[in-house]
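Remarks on the structure that follows.
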Amino acid sequence: MYNAARRMMGITCGVVWGWALAAGAQSAGDPSGVYEKDGAGLVIVQGSNETLVRYEAGFPQGESVGTCDCAFVVGNKSASRWTLSGADAEGEWSLRVAPGSFVLEGSGQGCCGAGWPGSDTFSRATAKPLTSCQVKGARAVFHASDAANTARKAYVVAGDKVETVIPASEPALVPARFKGPSKVTAGLLERTQLECAAPGGVKAEQLQPLAGTWISLTKKGKGYVISKPCSAETPSFTVEPSTAQMEIQLGQESTRVQVTKLTPGAGAGAWSLELTGGNGGAREQVEWKVTDAAKGLVTLRGSQLFAKSRVYVRGDKKSAYPVEAEKGCDEYE
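Just so you know, the sequence shown maps onto residues -28 to -1, 1 to 305 in mature numbering (1 follows the signal peptide of the UniProt record, and there is no 0).
What follows is the structure in structure tokens.
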């Protein structure tokens, strides 16, 4: 269903939040901001009218990586717990509020893949402020987070400053808030109506040696094959120097991340990449190592999207490896 959560995602599987963060501190008592840890992120946008919460994470799911991509509106609030609801979030969800942390708890149904542990904790010490942007359209109307993204009466005008979260995928609507003289209005605004400073990234020429599509190989005997599962895609990724982004095919789903840092690793053909955006805008360190330059082979190892160390072959070298389709696929048809 192409609902509010999907529109805020920007891509079909896994939102790409390359958080553009402004300098500054939170106001006392205001929890708004981005909370990060390795492989997961929590975003809170609090207004006088409503509070929006986003949660994204990756977690081991068999041979693949499961993801959570959840958009919530806060219902009842107490000093210790907020109830949450969302168009894609099924079952009961809540955010437990503690002096030093936020703990998201829920069924995992709807917006998380199978196997999500049911809770995730974020330290409040990791809080980073929302991005400050200026309204450039004559009039930008706030939209609700319902399935239809219903337009509201509240709006901002050219020159107004709003606080928001900008994903690398530049979706049509982004969560934002406007601080007026007597209240703070929160909701969804059209991205095209906002002027925001471009986030930093890696230059195209730096990524050129890593450019292209890379396909996962499976060890078989003394060699490798390209495995083709019945009901999933072969894991792969594509490095795009022009945008400093990486499109990652996880098997059951895909996601897009920003390459925000690239530094030489230990030894020839080794690199350390910082990927931002796949899960809640969280940063993942990935070690890249060329294992056989002539054959176009590399290994990647990280903590979430690349948690399982794999050997990949560059697309123009894949013909050297046979494709081995999984047997018994008739039952999936």
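Every residue, glycine too, gets a C-beta built ideally from N, C-alpha and C.
Check                                                                                                                                                                        : Outcome
State the Cα-Cα distance for the pair V134 and A112, rounded to the nearest angstrom.                                                                                        : 11 Å
If the criterion is Cβ atoms closer than 9 Å, does the pair G184 and G287 meet it?                                                                                           : yes
Applying the criterion that 16 or more other CB atoms from any shown protein chain within 10 Å of the CB defines a buried residue, is M158 buried or exposed?                : Note that residue 158 corresponds to Ala in the displayed sequence, not to Met. With 16 or more other Cβ atoms within 10 Å, it is buried.
Measuring CB to CB, does V137 end up less than 9 Å from V231?                                                                                                                : no
In three-state DSSP terms, what is G252?                                                                                                                                     : Caution is warranted here: a pLDDT of 47 is assigned to G252, below 50, making its placement in the model unreliable, and the coordinate value is therefore given only provisionally. DSSP places G252 in coil when its eight states are reduced to three.
Between V46, G80, W54, which lies nearest to E62 when the distance is taken from Cα to Cα?                                                                                   : G80
Ends of the alpha helix (DSSP H) at E177?                                                                                                                                    : 176 to 179
Using the Cα positions of A116 and S57, report the straight-line distance between them to the nearest angstrom.                                                              : 13 Å
Leaving aside the five residues before and after V174 along the sequence, list all residues of the same chain whose C-beta is less than 8 Å from its C-beta, in chain order. : A216, V231, T232, K233, L234
L160 by DSSP, collapsed to three states: which one?                                                                                                                          : strand
Have a look at R228 and C84 and give me their C-alpha separation to the nearest angstrom.                                                                                    : 17 Å
Would you report the Cα separation of N251 and G13, rounded to the nearest angstrom?                                                                                         : With a pLDDT of 48 at N251, under the threshold of 50, the predicted position of this residue should be treated as unreliable, though the coordinate-derived value follows. The alpha-carbon atoms of N251 and G13 are separated by roughly 6 Å.
Could you check whether L102 and D92 sit closer than 9 Å to each other, using their CB atoms as the reference points?                                                        : no
Along the chain, where does the beta strand (DSSP E) that runs through L269 open and close?                                                                                  : 269 to 273
Check this for me: beta carbons of Y127 and Y196, under 9 Å apart or not?                                                                                                    : no
Compare the C-alpha of E167 against each of C202, V283, Q106, Q178 and name the closest.                                                                                     : Q106
For V17, which residues in the same chain have their Cβ closer than 6 Å to its Cβ, ignoring the five residues on either side in sequence?                                    : S4, L24, P147, R149, A158
At a cut-off of 8 Å, would you count P153 as near the ligand GTP, judging by its Cβ distance to the nearest heavy atom?                                                      : Because no ligand of any kind appears in the structure shown, any question about the ligand GTP cannot be addressed here.
Just the C-alpha distance for V258 and F114, rounded to the nearest angstrom, thanks.                                                                                        : 38 Å
Out of T55, S154, P71, Q180, state which residue places its alpha-carbon closest to the alpha-carbon of G19.                                                                 : S154
Can you check DSSP and say which residues form a bridge with R286?                                                                                                           : W186
In chain order, which continuous runs of the beta strand (DSSP E) of length 3 or greater are located wholly inside the stretch 91 to 125?                                    : 91 to 95, 103 to 107, 111 to 115
For E284, which residues in the same chain have their Cβ closer than 8 Å to its Cβ, ignoring the five residues on either side in sequence?                                   : Before going further, note that residue 284 is Tyr rather than Glu in the sequence given. So the list reads W186, I187, S188, L189, S208, F209, L269, V270, T271, L272, once near-sequence residues are dropped.
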